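Numbering (the working numbering), first residue to last: 2 to 367. Here's the structure, in structure tokens; my notes come after.
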Ligand code: MRU
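Here's what the structure looks like:
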């Protein structure tokens with residue numbers, strides 16, 4: 002996607018051919034900064050401290066983290082240790098494990114002398130594949146939006162989204178945003194209700210992306226969703242996911258479940274866009290089996306933004322002695338999901354729906 006006329010991905014190999022550059026998302030939407038990662042440790046910090054975030058981008062960064070380390074030590078022990086260091090950064094988005102499993106499987110088969118180059122090549126491929134997958138998610142999701150636009154006789158299609166499943170959360174295009182960008186580019190009138198997404202306000206990233214691509218949008222607090230849905234001001238909810246089970250349960254940013262409940266109560270379609278590496282074929286029951294990341298309480302206790310001088314500041318919103326809880330994700334059961342928009346088409350949120358689209362993955366259970 003373009004930032005002030007310049008095309009960017011969210012991660013790319015640096016010109017020196019040995020390090021990686023990322024958009025440092027900690028500063029957005031206030032400041033656009035690029036950071037360089039030079040080691041697996043720096044890649045791990047970037048994932049854990051959310052310089053990069055979003056399931057597909059976490060996977061891509063982890064793949065590069067492994068490639069960075071193979072340049073220093075390409076032994077079997079180093080593959081295992083790098084897998085461990087990266088795996089423990091964030092527990093919920095399964096793309097992380099998918100990417101480092103994929104890298105480790107490839108590297109273990111090779112002579113150590115060939116591993117550094119192969120790791121670099123595969124990390125680049127994972128990024129290119131992500132871009133292509135998301136482009137296809139966009140085409141398949143476009144059909145859904147186009148049908149809604151036809152039913153509305155040309156009126157704007159109002160889409161509510163939660164968190165940031167935009168191009169910043171992937172290598173490019175985004176998952177939930179890809180159909181929106183494609184619809185807008187093809188002249189379909191869309192308007193996006195952007196959920197703030199406390200505590201980290203990833204909605205501000207989505208708003209920045211929408212503004213950058215000229216898509217009409219309105220930023221709302223998380224609790225506005227029920228009201229907007231009840232008033233008929235939402236035609237569809239469209240979110241991303243960090244891990245979807247083989248049976249179609251959807252784990253995504255905390256607050257997604259409440260939107261799904263409200264949508265179900267008012268017969269508003271609730272769609273989820275996902276690349277196939279986000280499907281965890283080993284898990285069948287999302288509520289009991291998916292690990293939910295508990296993040297630091299200070300994310301809830303404080304908010305940050307810019308002051309009247311444009312300086313980035315952090316302020317406290319809770320009394321100092323009040324304890325806080327910060328579960329970062331929740332699970333929406335499959336029966337609340339109208340459809341899963343993937344790179345191969347729109348699947349019913351069920352074991353049958355997913356295995357019909359991905360028979361080769363479903364049969365292996367990995
Ligand atoms: O904690 P985050 O910001 O990494 O959470 C991101 C989300 O929940 C996204 O909706 C999800 O990863 C899908 S990204 C295409």
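Glycine residues also receive a C-beta, built at the ideal position from the N, C-alpha and C atoms. As the structure is a prediction and not an experimental result, all values here were calculated from the model.
Which of helix, strand or coil does DSSP assign to residue i?
| i | result |
| --- | --- |
| residue 182 | helix |
| residue 128 | helix |
| residue 193 | strand |
| residue 390 | Nothing can be reported for residue 390, as the shown portion of the chain is limited to 2 through 367. |
| residue 295 | strand |
| residue 360 | helix |
| residue 304 | strand |
| residue 33 | coil |
| residue 104 | helix |
| residue 237 | strand |
| residue 227 | helix |
Taking all protein chains shown into account, decide if residue i is buried (16 or more other Cβ within 10 angstroms of its Cβ) or exposed.
| i | result |
| --- | --- |
| residue 353 | exposed |
| residue 233 | exposed |
| residue 85 | exposed |
| residue 360 | exposed |
| residue 61 | buried |
| residue 215 | exposed |
| residue 173 | buried |
| residue 364 | exposed |
| residue 261 | buried |
| residue 165 | buried |
| residue 305 | exposed |
| residue 57 | buried |
| residue 11 | buried |
| residue 152 | exposed |
Using only CA atoms, which one of the options lies nearest to residue i?
| i | options | result |
| --- | --- | --- |
| residue 229 | 196, 180 and 61 | 196 |
| residue 146 | 360, 177 and 93 | 177 |
| residue 201 | 255, 237 and 160 | 255 |
| residue 293 | 141, 244 and 179 | 244 |
| residue 27 | 55, 14 and 15 | 55 |
| residue 278 | 241, 21 and 296 | 241 |
| residue 288 | 72, 87, 253 and 320 | 253 |
| residue 127 | 59, 3, 325 and 218 | 59 |
| residue 20 | 4, 184, 65 and 222 | 65 |
| residue 329 | 154, 296 and 301 | 296 |
Apart from the five residues just before and just after residue i, which ones in its own chain have a Cβ nearer than 6 angstroms to its Cβ?
| i | result |
| --- | --- |
| residue 350 | 249, 335, 338 and 341 |
| residue 179 | 135, 138 and 139 |
| residue 119 | 111 |
Between residue i and residue j, how many whole angstroms is the CB-CB distance? I'm expecting something under 8 angstroms.
| i | j | result |
| --- | --- | --- |
| residue 68 | residue 124 | 4 angstroms |
| residue 239 | residue 162 | 6 angstroms |
| residue 355 | residue 208 | About 31 angstroms separates the two Cβ atoms, so there is no contact after all. |
Excluding the 5 residues flanking residue i on each side, which residues of the same chain have their C-beta closer than 7 angstroms to its C-beta?
| i | result |
| --- | --- |
| residue 159 | 192, 194, 234, 235 and 236 |
| residue 263 | 226, 227 and 230 |
| residue 206 | 26, 29, 30, 165, 167 and 169 |
| residue 344 | 134, 137, 138, 276 and 277 |
| residue 91 | 48, 49, 59, 97 and 294 |
Using a Cβ-Cβ cutoff of less than 8 angstroms, which residues in the same chain neighbour residue i once the five nearest sequence positions on both sides are dropped?
| i | result |
| --- | --- |
| residue 303 | 315, 316, 317 and 318 |
| residue 51 | 26, 27 and 201 |
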